[in-house]
Amino acid sequence: MVIFNSLFYDINLHELGPRSNSVRNANILMKSEISPELSGLKIKKSLFLVNLMLLSLISPLLIVSPVSAHQTENDVIWEKQGSNDTGWVQLDAVGADPSIGLQASANWALEFAPGAEISNLTMEIRVDGSNNIMIEEPVITASDIGINLFDWSGLG
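According to numbering that gives the first Met the number 0, the sequence shown is numbered sequentially starting from 0.
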């Protein structure tokens, strides 16, 4: 009881203003004089944090290049609708070596717009039968996306 009374008396005697609610820091006043050096340091720290927050907001705009409606030399702009009649395209499959099981291949360098539908496609395969040339397993693969557009494995 004596300890409580002396503690209560000490608090009332030195009461100068609002105090912290924590028991640990009960003797530290919430309002106190700040030296000019500490005041300037706090202002600099506050301005630094505000600038850092603003920079973090605009950093995605600084990294990603803006979208342009004008075609540049590296970009392709696809129309919303339309068709592309390529006519007949001749692909010469070369590079086969039956002794090591290497298949012949040809590269069709025609780009399609993302999400494009390929329709009304006519394909004709011709083989010159001289020199024992034949087609065993014709496959047409879209190498960009790894999908077989035409697969006659075992039917050739």
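Ideal Cβ positions, reconstructed from N, Cα and C, are used throughout, including at glycine.
Taking DSSP's pairing of strands, which residues face asparagine 147 in a bridge?
Thr140
Would you kindly check if the distance between the Cβ of isoleucine 132 and the Cβ of valine 138 is under 8 Å?
no
Considering only DSSP beta bridges, list what valine 93 is partnered with.
Ser104
In whole angstroms, what is the alpha-carbon distance linking leucine 109 and glycine 100?
28 Å
Hey, alanine 105 and alanine 92: beta-carbon distance below 8 Å or not?
yes
Out of curiosity, what's the CA-to-CA distance linking alanine 115 and lysine 41?
59 Å
Tell me whether leucine 53 sits in a helix, a strand or coil according to DSSP, three-state version.
The DSSP-derived three-state label of leucine 53 is helix.
I'd like the list of long-range same chain contacts for tryptophan 107, defined as Cβ closer than 7 Å, with 5 residues on each side in sequence excluded.
Excluding positions up to five away in sequence, the list reads Val88, Leu90.
Name the residue from Ile117, Ser58, Val49, Ser55 whose alpha carbon lies nearest to the alpha carbon of glycine 81.
Ile117
Compare the Cα-Cα distances from threonine 121 to each of Leu56, Phe149, Leu154 and report the closest residue.
Phe149
Whose C-alpha, out of Trp151, Ile134, Asn130, is nearest the C-alpha of threonine 140?
Trp151
Leaving aside the five residues before and after glycine 94 along the sequence, list all residues of the same chain whose C-beta is less than 7 Å from its C-beta, in chain order.
Leu101, Ala103, Ser104
Identify whether leucine 109 lies in helix, strand or coil by the three-state DSSP scheme.
coil
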